[in-house]
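Structure first, commentary second.
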Amino acid sequence: MSILNRTRTPKRAAKGLAESNPGRKLLGSKFATITVWTIAALWTIPTLGIFTTSFRDKKDIVTNGWWNIFIHPHLTLANYHAVFFGDGQSGLTNGVLPYFINSLVITIPAVLFPITIATMAAYCLSWVKFRGSDFIFFFIFALQIVPIQMSLIPLLQLFTGGVHLGTVTLIPKLGIAGKFAGIWLPHTMFALPLAIYLLHNFISSLPRDLMEAAHVDGASHFTVFRRIVLPLSVPAIAAFSIFQFLWVWNDLLVALSFSAGTEGIEPVNAKLAGLVGTWGSHWEYLTAGAFVTIAVPLIVFFSLQRYFVRGLLAGSVK
Amino acid sequence: MQIRKKGMLVAVAAATVALVATFVAPANAGTSSAACANVGSGYAVNKGATVEVFTSVVGDELSRYQAASKDFTACTGITINWNGSNSFESQLPVRVAGGTAPDLALIPQPGLLAQMVATGKVATPPSAVTNNVNRYWSKSWRDLGSVNGKFYAAPNSANLKSLVWYSPKQFAKYGYTVPTTWAAMLAQSDKMAAAKQTAWCGGLGSGSATGWPATDWLEEVVVREAGATVYNNWINHTVKFSDAPIIHAMNTVWGWMGNSKYVGTVSTIATTTFQNAGVNIPTGGCMQLQQASFYAASFPTGTVVSPTGDAWVYYLPGINPAVTTPVEGGGEFYAAFNSNKATQEVQTYLSTPQWAVSRIKAAGSNGGWLSANTGVPNSAYSNALDALSAKYLADKSSTFVFDASDAMPAAVGAGTEWTQLTNWFATGASATTIAKAIDASWPTN
């Protein structure tokens with residue numbers, strides 16, 4: 053309930069702002085509406101092209117443009133059939149459906165782990181005062197700069213060989229390359245800096261009075277975290293979950309590098325990439341495959357989108 | 036909310052069933068005498084062992100590899116896990132450096148093989164493999180599997196690039212014939228141009244590998260004009276791109292594929308994907324396309340690929356009579372990353388004619404798989420296109436050269452040569468400018 057109340061007030065404030073701000077007035081005009089719709093339409097054209105192509109016959113695809121579908125509607129579900137059930141040429145006998153489970157098994161923990169750790173870390177960095185907490189926060193923030201491509205091989209070496217200094221083993225080999233854990237860990241590691249940053253900004257802006265009142269009532273840090281901070285942070289957590297879900301779901305690089313050729317743990321993206329065939333002669337399957345794979349992120353996005361804008365604003369702009 | 040949750044549960048349950056159904060495969064590997072007869076003798080039984088072969092082959096073709104190795108598994112108990120990835124070329128170095136190297140890798144570029152050998156992780160093949168390769172492959176193939184004179188990798192399949200796709204039906208309709216000399220080929224192209232037909236079509240687009248078809252055109256002309264010695268010196272950069280023979284060859288290519296009389300607007304070649312380049316051949320929208328034997332898969336379903344059908348190939352004729360039957364091809368090589376018993380057994384099997392025949396059988400009448408293994412009889416091919424290609428590959432009198440861009444250092448052969456030749460077709464810059472730009476990018480060490 054408290055969340056609902058909180059969001060109503062800024063809305064009213066925004067309305068007042070629009071009336072007094074000439075920039076807002078301009079954006080609300082008919083001209084602006086038309087511009088926005090034109091840009092949106094232009095932006096959608098390539099997607100529309102892929103979408104119509106996914107229903108066309110290979111012969112049509114290679115001989116004329118996708119817009120011909122409106123003049124000569126000749127629709128086929130062959131591409132979707134190939135993606136779901138294989139193409140009958142024994143290429144992908146079972147289609148990509150089984151790999152959806154792999155994608156989910158990879159994605160769900162890879163969203164839950166960083167969110168859990170980041171929420172706790174963000175609370176700790178904003179409300180538990182200890183020496184060097186600012187430095188740690190700054191250091192974590194700076195870690196966002198490390199590009200994932202640079203750390204693929206060192207991380208893989210850590211998983212397979214551990215870290216040794218001469219004969220002293222600093223970190224034993226983890227032995228998780230080619231297992232799901234070997235994919236969860238890199239995703240978690242790379243999500244943490246941004247997750248902690250976003251959630252820190254949100255959690256540190258919670259009213260101090262709430263925390264103090266709770267502490268006066270004898271609540272420990274853990275109780276405050278669980279009973280006050282966690283319920284209040286739901287919009288920010290949901291917003292970051294959407295982000296992280298989309299990143300992990302769409303990821304191909306980490307999955308390819310860390311699945312280490314283990315067929316059973318490959319996500320659906322890795323399988324889809326293979327649908328085109330060795331010489332790329334079946335690229336028409338990719339059009340259907342693209343729409344099959346975006347189905348899940350779309351469901352996640354639409355079911356959580358009411359948190360999305362709210363959560364992002366709460367985390368970044370104050 | 037309740038309904039949505041239920042729906043998701045059903046979806047998860049359905050998908051789980053599908054998952055279980057996929058991964059419950061029969062695991063009754065054991066020795067079978069019928070299978071062993073097809074495999075050959077001398078293999079130790081090694082029940083339960085799995086050997087991973089990492090490859091760039093995916094889709095249909097990968098499942099034919101799986102089918103072809105069934106007898107071996109039935110006979111020896113060793114399961115071969117064919118693991119294909121489109122990003123093989125970038126994944127293999129990552130896996131080798133990261134410590135998750137596959138047992139065997141099927142490497143299509145001698146340049147990449149050399150790079151892998153340089154890491155020190157490639158195992159020396161057992162003597163059985165060396166013996167097979169000495170016995171069944173020509174010296175040029177053995178050399179391609181060697182690095183600094185030391186043999187590492189046995190060849191797998193081969194593909195023939197020196198082919199021109201055309202439509203026998205369209206040729207018959209207009210009274211064209213298959214040319215046997217370069218001059219006759221261009222003379223007939225002039226006739227097509229005069230009749231307002233597109234004599235040649237081409238496409239360089241291929242995602243991040245855009246430009247490779249142009250390297251093939253240049254290579255074909257270089258070997259046809261200057262012969263194998265200049266060609267091989269060109270690969271190791273003793274002959275530079277800006278040297279006379281290569282510039283001459285570039286001008287010949289420009290008079291052929293860069294000739295607006297034959298191809299229409301030249302710059303469209305740079306923007307057309309190679310898969311789409313020849314799709315109008317069956318209908319006469321375009322008369323000829325220089326492309327490798329594997330282009331057969333790019334025609335729309337229903338296209339009859341036969342000597343009298345919608346599409347077929349002729350051998351790209353020679354230019355210089357001193358160079359007899361110049362043939363350009365590509366191929367793949369098996370490199371091992373450990374010396375385990377099971378890995379070596381598989382490595383040995385993959386170098387035998389028995390394996391090649393089994394793989395050809397798995398391809399069936401669709402074809403698409405050739406071997407330069409001389410132990411394979413031409414009668415093994417049930418696909419006419421493959422039989423024709425294999426004839427040229429196995430021909431002892433032919434001048435065989437390997438795809439130069441695959442053998443050059445990757446920075447050039449899979450880098451600047453692609454981009455500069457694409458640039459050449461897109462802008463029509465002079466051959467000298469393009470050649471100099473490629474030379475400048477040659478790695479110094």
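Chains as they are written, first to last, in our numbering: chain A, 53 to 370; chain B, 36 to 480. Positions of the beta carbon are idealized from the N, C-alpha and C atoms, including for glycine.
is_contact[residue i, chain A] using C-beta, thresh 7 Å
{"i": "B/Val314", "result": "yes"}
{"i": "B/Thr135", "result": "yes"}
{"i": "B/Asn311", "result": "yes"}
{"i": "B/Pro61", "result": "Bear in mind that a pLDDT of 41 at B/Pro61, under 50, signals an unreliable position, so the number given afterwards is only what the model happens to contain. Closer than 7 Å: no."}
{"i": "B/Ser333", "result": "yes"}
{"i": "B/Leu54", "result": "Low local confidence applies: a pLDDT of 43 at B/Leu54 is under 50, so the model's placement there is unreliable, and no value is given."}
{"i": "B/Gln126", "result": "yes"}
{"i": "B/Ala234", "result": "no"}
{"i": "B/Glu96", "result": "yes"}
{"i": "B/Val92", "result": "yes"}
{"i": "B/Ala425", "result": "no"}
{"i": "B/Phe329", "result": "yes"}
{"i": "B/Ala132", "result": "yes"}
{"i": "B/Asn121", "result": "yes"}
{"i": "B/Val129", "result": "yes"}
Any chain B beta carbon closer than 7 Å to residue i
{"i": "A/Leu350", "result": "no"}
{"i": "A/Ile205", "result": "yes"}
{"i": "A/Trp331", "result": "yes"}
{"i": "A/Val114", "result": "yes"}
{"i": "A/Ser201", "result": "It is worth fixing the name first, because residue 201 of chain A is Gln in this sequence and not Ser. No, because no Cβ of chain B sits closer than 7 Å to the Cβ of A/Gln201."}
{"i": "A/Lys111", "result": "yes"}
{"i": "A/Gly326", "result": "yes"}
{"i": "A/Val215", "result": "no"}
{"i": "A/Ala229", "result": "yes"}
Limits of the beta strand (DSSP E) - the one that residue i falls within
{"i": "B/Ala370", "result": "361 to 371"}
{"i": "B/Asn194", "result": "189 to 195"}
{"i": "B/Val88", "result": "85 to 90"}
{"i": "B/Phe437", "result": "434 to 437"}
Helix, strand or coil at residue i [DSSP, three-state]
{"i": "B/Lys182", "result": "Looking at the sequence itself, residue 182 of chain B is Val, so the reference to Lys does not match. Correct three-state label for B/Val182: strand."}
{"i": "B/Leu198", "result": "strand"}
{"i": "B/Val348", "result": "strand"}
{"i": "A/Thr275", "result": "helix"}
{"i": "B/Lys275", "result": "coil"}
{"i": "B/Gly240", "result": "strand"}
{"i": "B/Val340", "result": "strand"}
{"i": "B/Thr212", "result": "coil"}
{"i": "B/Asn81", "result": "coil"}
{"i": "A/Tyr337", "result": "helix"}
{"i": "B/Lys41", "result": "Low confidence applies here, because B/Lys41 scores a pLDDT of 42, under 50, leaving its location unreliable; read the following figure in that light. Helix at B/Lys41."}
{"i": "B/Asp95", "result": "helix"}
{"i": "B/Ser414", "result": "helix"}
{"i": "B/Arg170", "result": "helix"}
{"i": "A/Trp331", "result": "coil"}
{"i": "B/Ala263", "result": "helix"}
{"i": "B/Ala357", "result": "coil"}
{"i": "A/Ile86", "result": "helix"}
{"i": "A/Ala347", "result": "helix"}
{"i": "A/Thr171", "result": "helix"}
{"i": "A/Phe189", "result": "helix"}
{"i": "B/Trp477", "result": "coil"}
Those residues which DSSP pairs with residue i across a bridge
{"i": "B/Trp235", "result": "B/Gln323"}
{"i": "B/Asn118", "result": "B/Phe89"}
{"i": "B/Ile2", "result": "Given that chain B is displayed from residue 36 to residue 480, the structure contains no residue 2 of chain B and the question cannot be resolved."}
{"i": "B/Leu405", "result": "B/Ala193"}
{"i": "B/Ala158", "result": "B/Ala371"}
{"i": "B/Thr308", "result": "B/Gly240"}
Residue range of the unbroken alpha helix (DSSP H) whose run includes residue i
{"i": "B/Met220", "result": "217 to 229"}
{"i": "A/Leu304", "result": "From DSSP, A/Leu304 is part of no alpha helix (DSSP H); its letter is neither H nor E."}
{"i": "A/Gly326", "result": "320 to 326"}
{"i": "B/Glu124", "result": "123 to 133"}
{"i": "B/Thr108", "result": "105 to 111"}
{"i": "B/Thr383", "result": "376 to 384"}
{"i": "A/His133", "result": "130 to 137"}
Residue i: CB within 6 Å of a non-hydrogen atom of the ligand HEM
{"i": "B/Ala346", "result": "Among the components modelled here there is no ligand, and therefore nothing to report on the ligand HEM."}
Fill in: Within the region 212 to 255 of chain A, ranges of the beta strand (DSSP E) (whole runs, at least 3 residues)
215 to 217, 220 to 223
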